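So the sequence shown is residues -24 to -1, 1 to 501, counted in mature numbering (1 follows the signal peptide of the UniProt record, and there is no 0). To start, the structure under review is shown below, and the notes come after it.
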Amino acid sequence: MRKFIAALAVFVALTAVMPVIAFAAEEPASKDINLELGDWRKMAKRYPMPYFAALDTPDAPAPEVLANWWNSLGDETLTRLILASLENNRDMASARSSFAEARAALGISKAALLPWLDSAGSFTNMKTGENASLTGSQVGPIDLYKLGIDASWEIDLFGGQALKIKASAADLQARYGALHNSWVSLSSEVALNYISLRTLQKRLMVAEKNLGLQNATLELLQSQYDSGLADELALSQAKYTMEQTRSSIPPIKTGIEEAMNRLAILVGQVPGSLAEELFDYEELPDPEKIDLVGIPADFIRQRPDIYMAERQLAAQIARKDASRKDFLPKFSLFGSIGLESYSSAGGLSVSDGGVYSIGPKISWPIFHGGAIRKNIKVQTEKQKQALANYEQTVLNAVAEVRNALTAETQERLRNESLGRGVESAASAMAVAEDQYVNGLTDFNNVIIAQRALLDLEEQLAVSEGEMLSNLVRIFKALGGGWAPMSEYGPVQARALKKDEPKGIELSDESQAYLDKIRKELEGSD
């Protein structure tokens, strides 16, 4: 019994002490980096934007403005749709589930650092023949009962398992970035489809208004024709002009229905369920009243797709480093404690008492057919792929911001021209109609003026929607829309903070690649 107690004490002591030993033996972490991509104005100085009108003020948008950018538009219906999409969109539900999956996977990785305990019990009935017995006589039957606890623990002496945990933690953060990226994309997609819907409704109003005017003109011509004051050519021209306008209406109505159905799907509802709420036209916010007060100097760092690519790179670096640990020996500790009982057929207890076992185990790979080296090669190539993906994501982000800013500036100029064009076309049509009534011109000039006005009014409606869409694209390019996700999932936010590292651990080779990117983006002083 004393030996049993002593062995149990040694087992418990080793269980308590070995995590400290493993922690002390872990290799020091690589140097952390904090990638700064420089001020936007410095980037713009080196890479000028000839078609982008520079902003008047260098101040960046307040975080709450960027986080809840749709409030800047002042459209209550749009705000309701965006918040409903956060709650009900199926892609968002999938992204949240993916994040929960990654968190559970991190828990599995962490569990490998702890001792594993298993309870076990068995019953065996055995009987030996005379030839198998050492005494030359038959033994048994004997009942053997076993009940106990088995323990096993692989000691992470060289930090291989810790690196796998680090990779799982980075995977979790990448999924969190993907969750945010889904929300940023979803909120902008809802806004763009909503703007498209209102633009189509405005185009429908323009077409129906012009159809009414053309119908009135046709009735006037019909009356004049019946009285012999107008010829058949003018009447036919008025008819085909009106029918041409009428033929443009069905495709617009089809587009309205499709836009409503897309919005319904985005907010997680059955297509058609939003028809009553969205059927009546509402004026879109005036883009001229929405000011962009500046571009954040760290806009790259605010984008969730950059964060996600960063974390994917960090995870792969940890996996590559962990694969190198496979060359090193692995140490394990095994032990068991329990009860055993033997009894004969007559119920007589032969042996009844406690049993235990404890001992170490070491395994060291000698020959695995080159599998370990090949795995290191695989993980190294995956790291290069992750780095290339990170590079490409950064470059795409810069291009997206530049494109959005240029489109916003140029569309404003186009809108101003279209506004002046509509005024001139309306004046020209009034003059043409007056001249026709007074017999100073033929009806063909009236038709030309009507077509020009209809075309310009439709282009102006599209341009107004495009101006607002470009603002949405700018907010999206800047990574707008993070805050609601944090408010939606405080438990997830706390979970992320718990596992958030201070930087990305990079090898020297990876550091060199990122230094190259940083220099390209920042430019020389």
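Every residue gets a Cβ at the ideal spot worked out from N, C-alpha and C, and that includes glycine. These figures come from a predicted structure and were not determined experimentally.
Anyone know if the C-beta pair for SER98 and ILE125 falls short of 8 angstroms?
As a working note, residue 98 is residue 122 in the sequence shown. As a working note, residue 125 is residue 149 in the sequence shown. In this structure, ILE125 does not lie closer than 8 angstroms to SER98 by Cβ.
Does GLY311 pass the burial test, meaning 16 or more other C-beta atoms within 10 Å, or should it be called exposed?
In the sequence shown, residue 311 corresponds to position 335, counting from 1. Classification for GLY311: buried.
Here's a check: name, in chain order, each residue in its chain whose Cβ is nearer than 8 angstroms to the Cβ of GLU234, leaving out the five neighbours to either side.
Here the question's residue 234 lines up with position 258 in the sequence shown. So no residue of the chain qualifies.
Which two residues bound the contiguous alpha helix (DSSP H) that contains LYS142?
One-based indexing of the sequence shown puts residue 142 at position 166. Where LYS142 is concerned, the enclosing alpha helix (DSSP H) stretches over 136 to 202.
Residue nearest to PHE419 in terms of C-alpha spacing, selected from THR217, MET284, ILE228 and ARG174:
Taking the sequence shown and counting its residues from 1, the one referred to as residue 419 is at position 443. Checked all of THR217, MET284, ILE228 and ARG174; the closest Cα to PHE419 is THR217.
Nearest to SER317 (by Cα), restricted to the options ILE84, ALA81 and ILE118:
Start at 1 with the first residue of the sequence shown, and residue 317 comes out as number 341. Considering only alpha carbons, the answer is ILE118.
With respect to the alpha helix (DSSP H) encompassing TYR366, which residues constitute its N-terminal and C-terminal limits?
In the sequence shown, counting from the first residue as 1, residue 366 sits at position 390. That run of the alpha helix (DSSP H) goes 347 to 413.
Burial state of VAL370 (16 or more Cβ within 10 Å)
What you label residue 370 is simply residue 394 of the sequence shown in a count that begins at 1. Buried is the call here.
Length of the line joining the Cα atoms of GLN213 and ALA192:
Within the sequence shown, numbered from 1, the residue matching residue 213 stands at position 237. Within the sequence shown, numbered from 1, the residue matching residue 192 stands at position 216. Each residue's alpha carbon lies about 14 angstroms from the other.
So what's SER249 in DSSP terms, helix, strand or just coil?
The sequence position of residue 249 within the sequence shown is 273, counting from 1. Looking at SER249 - three-state DSSP - the assignment turns out to be coil, as it is neither helix nor strand.
At what residues does the alpha helix (DSSP H) containing THR417 begin and finish?
For the purposes of this step, residue 417 is taken as the residue at position 441 of the sequence shown. Segment: none, THR417 is in no alpha helix (DSSP H) and carries neither H nor E.
Local conformation of ASP431 per DSSP, three classes
Within the sequence shown, residue 431 is the residue found at index 455, counting from 1. ASP431: helix per DSSP, three-state reduction.
C-alpha distance - GLU63 paired with ALA69, whole-angstrom precision
Taking the sequence shown and counting its residues from 1, the one referred to as residue 63 is at position 87. Taking the sequence shown and counting its residues from 1, the one referred to as residue 69 is at position 93. When rounded, the distance between both Cα atoms is 8 angstroms.
First and last residue of the uninterrupted alpha helix (DSSP H) at SER212:
As a first step, residue 212 is located in the sequence shown; it is residue number 236 there, counting from the start. Segment 208 to 223, the alpha helix (DSSP H) holding SER212.
Short of 7 angstroms in beta carbon distance, which residues of its chain neighbour ALA362, apart from the five on each side in sequence? Order them along the chain.
Against the sequence shown, residue 362 aligns to sequence position 386. Contacts found: GLN288, LEU289 and GLN292.
Where do the ends of the alpha helix (DSSP H) carrying ALA88 lie?
Against the sequence shown, residue 88 aligns to sequence position 112. First-last for ALA88: undefined, no H or E at that position.
Cross-strand partners of SER73 (DSSP beta bridge)
Stepping through the sequence shown from its first residue, residue 73 is reached at position 97. Looking at the DSSP assignment, SER73 forms no beta bridge with any residue, so it has no partner.
Inter-stretch contact at 8 angstroms, needing at least 3 Cβ pairs: the stretch 168 to 177 / the stretch 87 to 94
no
Using a Cβ-Cβ cutoff of less than 7 angstroms, which residues in the same chain neighbour ASP32 once the five nearest sequence positions on both sides are dropped?
Within the sequence shown, the letter at position 56 stands for residue 32. Because ASP32 sits at a pLDDT of 40, beneath the cut-off of 50, its placement in the model cannot be relied upon, and the following sentence gives the value as read from the coordinates. Closer than 7 angstroms at Cβ, skipping near neighbours: no residue.
Between VAL182 and GLU433, how many whole angstroms is the CB-CB distance? I'm expecting something under 8 angstroms.
For this step, residue 182 is matched to residue 206 along the sequence shown. For this step, residue 433 is matched to residue 457 along the sequence shown. With a Cβ gap of about 5 angstroms, VAL182 and GLU433 count as contacting.
If contacts are defined as beta-carbon pairs under 8 angstroms, then VAL243 and ASN65 qualify, I think. What distance do you get, rounded to the angstrom?
Residue numbering aside, residue 243 sits at position 267 when the sequence shown is read from its first letter. Residue numbering aside, residue 65 sits at position 89 when the sequence shown is read from its first letter. About 7 angstroms; that satisfies the 8 angstroms criterion.
Would you check if the distance between the CB atom of ARG222 and the CB atom of LEU187 is smaller than 8 angstroms?
In the sequence shown, counting from the first residue as 1, residue 222 sits at position 246. In the sequence shown, counting from the first residue as 1, residue 187 sits at position 211. Their beta carbons are under 8 angstroms apart, which means ARG222 touches LEU187 by this criterion.
Identity of the residue in ASP281, SER308 and TYR366 nearest GLY153 by Cα:
Working through the sequence shown from its first residue, we reach residue 153 at position 177. Out of ASP281, SER308 and TYR366, ASP281 has the C-alpha closest to the C-alpha of GLY153.
Ordered along the chain, which non-local residues of its own chain (more than five positions away) have a Cβ less than 7 angstroms from that of ARG388?
For this step, residue 388 is matched to residue 412 along the sequence shown. Once the five neighbours on either side are set aside, the close Cβ partners of ARG388 are MET443.
Please classify ASN414: is it buried, with 16 or more other beta-carbons within 10 angstroms of its beta-carbon, or exposed?
Here residue 414 corresponds to residue number 438 of the sequence shown, with the count starting at 1. Result: exposed.
What are the boundary residues of the alpha helix (DSSP H) that ASP297 is part of?
Within the sequence shown, residue 297 is the residue found at index 321, counting from 1. Segment 280 to 300, the alpha helix (DSSP H) holding ASP297.
If we count the other Cβ atoms within 10 Å of its Cβ and call it buried at 16 or more, is LYS229 buried or exposed?
By one-based count along the sequence shown, residue 229 stands at place 253. So LYS229 counts as exposed.
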